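Have a look at the structure below, then the notes.
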Amino acid sequence: MAARCNSRWSLSGMTALVTGGTRGIGHATVEELAEMGATVHTCSRNEEELNQRLQEWKSKGFKVSGSVCDASSREQRVQLMEKVSSIFDGKLNILINNVGTNIRKPTVDYTAEEYSGIMSTNLESSYHLSQLAHPLLKASGNSSIVFISSVAGLVHLFSGSIYGATKGAINQLTKNLACEWAKDNIRVNCVAPWYIKTSLVKTLLENKEFLDRVVSRTPLKRPGEPEEVSSLVAFLCLPAASYITGQIICVDGGMTITLSLKSAIQLHESLTMSLVKVKSKSHQAECGSHPNTHACHGVSREVCTTSWSFLIGPRTTLLIFPTTWYSPIKRKDQANGPDRPLAFNVSTSHQLLRLHVGYMSLS
-15 MAARCNSRWS LSGMTALVTG GTRGIGHATV EELAEMGATV HTCSRNEEEL NQRLQEWKSK
45 GFKVSGSVCD ASSREQRVQL MEKVSSIFDG KLNILINNVG TNIRKPTVDY TAEEYSGIMS
105 TNLESSYHLS QLAHPLLKAS GNSSIVFISS VAGLVHLFSG SIYGATKGAI NQLTKNLACE
165 WAKDNIRVNC VAPWYIKTSL VKTLLENKEF LDRVVSRTPL KRPGEPEEVS SLVAFLCLPA
225 ASYITGQIIC VDGGMTITLS LKSAIQLHES LTMSLVKVKS KSHQAECGSH PNTHACHGVS
285 REVCTTSWSF LIGPRTTLLI FPTTWYSPIK RKDQANGPDR PLAFNVSTSH QLLRLHVGYM
345 SLS
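And the structure:
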């Protein structure tokens, strides 16, 4: 029993390729996998930095080799995979598509070259390397791909539209490959971090105003550490995670599950919300078949004369009524009962949410 338990939580005997492994999340992932027993190959554009890291890993007793490779170059990706195939005898257990870059600016200011550069580094490299690695992953008989995406692929961030587009595409690619390659015993998952202390965002996080905005949106009230991402990446590669595939898992300190209306209004320029005032006529039209009550919540029609609608997701709209219209208001079926918050049904294309709205002020 002990031996079985140990094997489920070990990567001993497995081989791995981690792209961009000399810094940040990639560096932490190389060390995490190596500590669990994997033999790792990594790559970097910077030969001097790569050699330095290889020496460090050797001194720690890790089995890590490396290649100089610009992942945005198709030719160099082919050469990288040929070397990996040679080193690991045509088999690969783990592929970590970690390489990424970004340029932050307004959408209208991007050049064609900047668009191509971000797309080729973030999306095309991951797609192509997965294609090239497929025969090696299939040959191993039991393998795993982990994409490093971003919460920018799920919600709007102040990170640039091209970056968000590449990460959204990676999220969808994860689902497609998980289904398509399941027959080959290849699991495919995706880790989507929020702001992590890496060289890519170091300058941004040194700006106190920017850092405060990040912290204000994060329940844990801090950016993450690379090791807090690499631990999940390694777990997804373990035999213990053998029934997990096609998942996009956020490592974000709780950012994507929270919604503060107050902070949303204050920071509307940087959040994914649009605030519109719904006119009485259009809103009452929705209530037309109910002479005294609104179809959703059963309160007097006069409550429906003004409201605010927040787009909080791609398929979800939250309808909020101002305090002065319902403070306090009881449902028709609770006329003699205690005051309670209004309950609103929010319809989406895939679920029905029940939201309880208390006495909140929009001012």
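The opening position of the sequence shown corresponds to residue -15 in this note's numbering, with each subsequent residue numbered one higher. Backbone N, C-alpha and C define an ideal beta-carbon position, used for all residues, glycine too. Keep in mind the model is a prediction, meaning the values are calculated, not measured.
Identity of the residues DSSP links to residue i by a beta bridge
i, result
"A0", "V24, I78"
"G208", "I180"
"N173", "V130"
"S(-6)", "None; S(-6) has no bridge partner."
"S51", "C27"
Residue i, DSSP secondary structure in three states
i, result
"V235", "strand"
"I132", "strand"
"S215", "helix"
"I87", "coil"
"T95", "coil"
"P223", "helix"
"D196", "helix"
"N160", "helix"
"M344", "Note that M344 scores 32 on pLDDT, short of 50, meaning its location in the model is unreliable; the coordinates nonetheless yield the value given after this. Looking at M344 - three-state DSSP - the assignment turns out to be coil, as it is neither helix nor strand."
"L138", "coil"
"D73", "coil"
"N191", "coil"
"I228", "coil"
"N35", "helix"
"T150", "helix"
"G5", "coil"
"T242", "coil"
"T202", "coil"
Delimiting residues of the alpha helix (DSSP H) encompassing residue i
i, result
"S56", "Neither: S56 is in no alpha helix (DSSP H) and is coded neither H nor E."
"L120", "109 to 124"
"V185", "First-last for V185: undefined, no H or E at that position."
"G144", "From DSSP, G144 is part of no alpha helix (DSSP H); its letter is neither H nor E."
"T13", "8 to 19"
For residue i, the first and last residue of its enclosing beta strand (DSSP E)
i, result
"F46", "No beta strand (DSSP E) holds F46; DSSP gives it neither H nor E."
CA nearest to the CA of residue i, picked from the options
i, options, result
"W165", "T95, N126, N81", "N126"
"N82", "N30, A22, G21, T13", "T13"
"R61", "K151, M103, H112", "H112"
"Y179", "N169, N173, R171, F194", "F194"
"A149", "V185, N173, S104", "S104"
"V175", "L220, H118, N86", "L220"
"K186", "D168, P210, K167, P90", "P210"
"D168", "G152, G137, A117, L189", "A117"
"K181", "K89, D236, K122", "D236"
"N155", "I170, T240, S145, V135", "V135"
"I232", "E190, S183, N173, L120", "N173"
beta-carbon residue i near the ligand ATP non-hydrogen atom, thresh 8 Å
i, result
"E98", "No copy of the ligand ATP appears in this structure; indeed no ligand is present at all."
### Query
Three or more C-beta pairs closer than 8 Å, one from the segment 210 to 217 and one from the segment 136 to 156: is that the case here?
At 8 Å Cβ cutoff, the stretches do not touch.
### Task
Say whether the segment 194 to 204 touches the segment 150 to 161, bearing in mind that this needs 3 or more beta-carbon pairs closer than 8 Å, one atom from each stretch.
no
### Task
Specify whether the segment 29 to 48 and the segment -5 to 9 touch according to this definition: at least 3 beta carbon pairs, one from each stretch, less than 8 Å apart.
Contact holds: three or more Cβ-Cβ distances are below 8 Å.
### Query
Any contact of the segment 104 to 120 with the segment 53 to 73, i.e. 3+ C-beta pairs under 8 Å?
yes
### Task
Give a yes or no on contact between the segment 17 to 24 and the segment 91 to 103, applying the rule of three or more CB pairs nearer than 8 Å.
no
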